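Here the structure is laid out as structure tokens; the discussion comes afterwards.
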Amino acid sequence: MIKIEVRLFATFRNGRGKKVFVEMDQPTVEDVLQSINITNEEVAILLVNGQDGHFDQVLIEGDYLSIFPPVGGG
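In this note's numbering, the protein residues as written are 423 to 496.
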């Protein structure tokens, strides 16, 4: 099992906090999102280690995700 840090922003923090840690075997980004009840459609910006990420990207020990929902304002 590997441990992945997930950094959450804006409304994704509601009920989850700023960070969560997920432990899984050979997870993809999508696997990690599913484990914290976030669908691909809810994600506007996805970064893996500060770089553009992909839902099918396989994660390794030490990786971290930054997940942003769509943000609106006026």
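Using N, Cα and C, we set each Cβ at its ideal position, and we do this for glycine too. Being a predicted model, the structure only gives us computed values, none of them experimental.
Residue interval of the beta strand (DSSP E) (run including residue i)
i	result
residue 427	424-430
residue 444	441-446
residue 468	467-470
Straight-line gap, residue i to residue j (C-alpha atoms, nearest Å)
i	j	result
residue 485	residue 433	22 Å
residue 476	residue 489	12 Å
residue 459	residue 473	23 Å
residue 397	residue 461	Residue 397 cannot be examined here, being either before or after the span of the chain that is shown, 423 to 496.
Beta-carbon proximity of residue i to residue j, cut-off 8 Å
i	j	result
residue 425	residue 452	no
residue 481	residue 454	yes
residue 463	residue 491	no
Same chain, Cβ closer than 8 Å to residue i, neighbours up to 5 away in sequence not counted
i	result
residue 493	432 and 466
residue 441	427, 428, 429 and 430
Cβ shell of residue i (< 6 Å), same chain only, five flanking positions each side left out
i	result
residue 469	475 and 488
residue 437	none
Where the alpha helix (DSSP H) containing residue i begins and where it ends
i	result
residue 487	Here residue 487 belongs to no alpha helix (DSSP H); instead the beta strand (DSSP E) covers 486-490.
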